[in-house]
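A.B. asks:
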Amino acid sequence: MEPAEVEQQLERYAAFLRALALDVRISADPTGAGGLLAVQLVRADGVLIGGD
604 MEPAEVEQQL ERYAAFLRAL ALDVRISADP TGAGGLLAVQ LVRADGVLIG
654 GD
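Read in order, the letters of the sequence shown are residues 604 to 655 in my numbering.
1) Report the option in Q643, V609 and R621 whose CA atom is closest to the CA atom of S630.
2) Whose CA, out of G654, A622 and E614, lies closest to the CA of A647?
3) Please state whether the Cβ-Cβ distance between L613 and V645 is less than 8 Å.
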């Protein structure tokens, strides 16, 4: 799967979780290589639920 396809899938998943009053924070690779550094699941009140 191409990096753009992965990003699109993550955005769809994030939209679903936001509908459940959760937030997904995706930190992109600052080198521009198309990778991800971190994905975090956060409650609406700012409490981190999980992530890497």
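Glycine is no exception: its CB is placed at the ideal position from the N, C-alpha and C atoms. The model shown is predicted, which means the values in this text are computed figures rather than measured ones.
C.D. replies: On the basis of the supplied data:
1) Q643
2) A622
3) no
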